[in-house]
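What follows is a single structure, written as structure tokens, with notes after it.
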Amino acid sequence: MSDAKRLNAVRDVYRTFFEDGPEATYVSTVAGRFSWVNKRMERMLGYSARELTTIPVSDTYAVPTERRRFQHEIESAGVVRNFRLTFRTKSGADVHGFVDAVVWRRSDGAVGGYVGVIRREGRVVHEHSEEAAFALAMRGSNEGLWSLDLRENRMRFSTRWKALLGYGELEIHDSLKAWTSRIHPNDISGFRDALRGYLTGKKSLFSSYFRMKHRDESYHWMAARGIAEYDEKGKATRIAGSMSDVGAHISVIERLKRTEDQLSRENSRLAAEREMLSRYFPEAIIDEIGTRDGDLLDGYAGEASVLQILIPETDKLVSQLPPTTFQEFIDEVITDITELVMGLGGSVNRISGDGLLATFGTPVATENDAERALSCALSVRSYTRTYNDVRPEYLADDLKLVCGVATGTIFSGSVGSNRRLDYIVHGQPIHRAAALVRAAAYSDHTVLTDKATARAVAGSFELEEDPSLGGYSLKR
Numbered sequence: 040m041s042d043a044k045r046l047n048a049v050r051d052v053y054r055t056f057f058e059d060g061p062e063a064t065y066v067s068t069v070a071g072r073f074s075w076v077n078k079r080m081e082r083m084l085g086y087s088a089r090e091l092t093t094i095p096v097s098d099t100y101a102v103p104t105e106r107r108r109f110q111h112e113i114e115s116a117g118v119v120r121n122f123r124l125t126f127r128t129k130s131g132a133d134v135h136g137f138v139d140a141v142v143w144r145r146s147d148g149a150v151g152g153y154v155g156v157i158r159r160e161g162r163v164v165h166e167h168s169e170e171a172a173f174a175l176a177m178r179g180s181n182e183g184l185w186s187l188d189l190r191e192n193r194m195r196f197s198t199r200w201k202a203l204l205g206y207g208e209l210e211i212h213d214s215l216k217a218w219t220s221r222i223h224p225n226d227i228s229g230f231r232d233a234l235r236g237y238l239t240g241k242k243s244l245f246s247s248y249f250r251m252k253h254r255d256e257s258y259h260w261m262a263a264r265g266i267a268e269y270d271e272k273g274k275a276t277r278i279a280g281s282m283s284d285v286g287a288h289i290s291v292i293e294r295l296k297r298t299e300d301q302l303s304r305e306n307s308r309l310a311a312e313r314e315m316l317s318r319y320f321p322e323a324i325i326d327e328i329g330t331r332d333g334d335l336l337d338g339y340a341g342e343a344s345v346l347q348i349l350i351p352e353t354d355k356l357v358s359q360l361p362p363t364t365f366q367e368f369i370d371e372v373i374t375d376i377t378e379l380v381m382g383l384g385g386s387v388n389r390i391s392g393d394g395l396l397a398t399f400g401t402p403v404a405t406e407n408d409a410e411r412a413l414s415c416a417l418s419v420r421s422y423t424r425t426y427n428d429v430r431p432e433y434l435a436d437d438l439k440l441v442c443g444v445a446t447g448t449i450f451s452g453s454v455g456s457n458r459r460l461d462y463i464v465h466g467q468p469i470h471r472a473a474a475l476v477r478a479a480a481y482s483d484h485t486v487l488t489d490k491a492t493a494r495a496v497a498g499s500f501e502l503e504e505d506p507s508l509g510g511y512s513l514k515r
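Every letter in the sequence shown is one number past the one before it in this note's numbering, and letter 153, counting from 1, is 192.
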């Protein structure tokens, strides 16, 4: 058999395996679109394959927070295993399942999308051993470990768990009561609600903060997290996790609780700040800002990379499309691009009717901010190709997106009040990126960079100077 025939035979085997396999299987793009699904996926969600390739992947998620956790994990690790998700069918019903997925890359190394397999809840096979349960807990922490066998109502605490409360190995009986009886009366209902909510499927992760009585009669703030094992019917049989002393983190909150007025004002400020941050930053950067008590938002000047993304000729679309259709188009494209930016750790600093401005490296700088900005521009280019494959009928022409990347010193900080709080950026790189994106709009290039960016990414990307456009483009 020739190599070509052997290759075709292998392809036929793989095609048959995936298309007719017993599990729902899919391939999706980085922009959040299905590019291929198998028959089992169609039956599970109630859509045809054609319908699934024309709607955003987000339309099939029932819980948006689960989607964000899933994206963060696969983008940071490149793979997820046994990740619990809730899907929404075409009829509106919820379907619980477990996903195994990996990132696939193109020949140039850029992320092309994700390949995943979904098993309906109840079909996941788990090991039922004490060692396996404690191995689950090790995923989150090596602090105080615990395991609860729900079938036999049998509890187990590690030596470290008991030491957090000031006791030795044999001084606390391994029972759920030994735990709950030491939780502060004002916190016990929250602890039980969190545990019950997780075991009944209302929450995707068991997590609870509470005070526990130490051996010296003082109360210490604790944080507990856990994950469960399930039997063939999807019923939880065991939950295991970790507990750690978080008193140092809670002390700030306790001081804020000294007066009701002070707490009210602080909550208003934090709510406004968090709302403002969520418009600009991915969750990882928000967490980093939080660990520094927000000082990064008071004013920052340093080197960063700017990515300007433009949709040329939107004026033409405004005159051609009904207002609601134009709004639908802009919302979809801007939402998808925002996901790409935040997925690569960028901040979305300005959105307009024809594009957006993103920054990489402010207020939290890394060693490869310019590379991430350029990688994001290339992801936008890939997204454009995918979008045009399933372009809506109301668009007469293909969508075009152009990008300009510039690097240099940028000032950033939060400006405003509780009525209106914004995170702003200033600096010459912003003006250079704007000039580059305008030049790209009237050329056959979709990505242009300035000299500083080209120098910063040398060795990772091949760029060549184009004097007529005032910037650098990718070598063809």
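A virtual CB, placed ideally from N, CA and C, is assigned to each residue, including glycine.
Owing to the predicted nature of the structure, the values given are computational and were not obtained by experimental measurement.
In this structure, DSSP gives aspartate 428 a helical state, which the three-state scheme calls helix. Serine 507 carries a coil assignment under DSSP once its states are collapsed to helix, strand and coil. The C-beta distance from tyrosine 258 to glycine 155 rounds to 44 Å, too long to meet the 8 Å contact threshold.
Of all C-beta pairs linking the stretch 429 to 443 to the stretch 356 to 372, three or more are shorter than 8 Å, placing the two stretches in contact. Shown here, glutamate 501 sits in coil according to DSSP, grouped into three states, outside any helix or strand. Going by beta carbons, leucine 487 and valine 444 fall inside the 9 Å limit.
For tyrosine 237, no beta strand (DSSP E) run applies; the uninterrupted alpha helix (DSSP H) run containing it begins and ends at 227 to 238, by DSSP. Out of Asn77, Val102, Asn225, Gly71, the CA that lies nearest to the CA of glycine 152 is found in Gly71. By the neighbour-count criterion, in which a residue is buried when 16 or more other Cβ atoms sit within 10 angstroms of its Cβ, alanine 416 is buried.
Under the three-state reduction of DSSP, leucine 356 is assigned to helix.
Around the beta-carbon of alanine 140, 16 or more other beta-carbon atoms lie within 10 Å, marking it buried. At a Cβ-Cβ threshold of 9 Å, phenylalanine 122 and aspartate 133 do not count as neighbours. Within the same chain, Cβ atoms closer than 6 Å to the Cβ of serine 74 are found at Val66, Thr68, the five residues on either side in sequence being excluded. Exposed is the label assigned to glutamate 504, since fewer than 16 other Cβ atoms lie within 10 Å of its Cβ.
In this structure the stretch 247 to 255 touches the stretch 219 to 239; the number of beta carbon pairs closer than 8 Å is three or more. When the alpha-carbon of alanine 149 is set against those of Ala340, Ser414, Met261, the nearest one is in Ser414. For glycine 400, the closest of Arg411, Gly394, Asp393, Ile390 by C-alpha to C-alpha distance is Arg411.
Two segments are said to touch when three or more pairs of C-beta atoms, one from each, lie closer than 8 Å; by this definition the stretch 76 to 88 does not touch the stretch 100 to 109. Bounds of the beta strand (DSSP E) holding arginine 250 are 245 to 252.
Arginine 221: not part of any beta strand (DSSP E); DSSP gives it neither H nor E.
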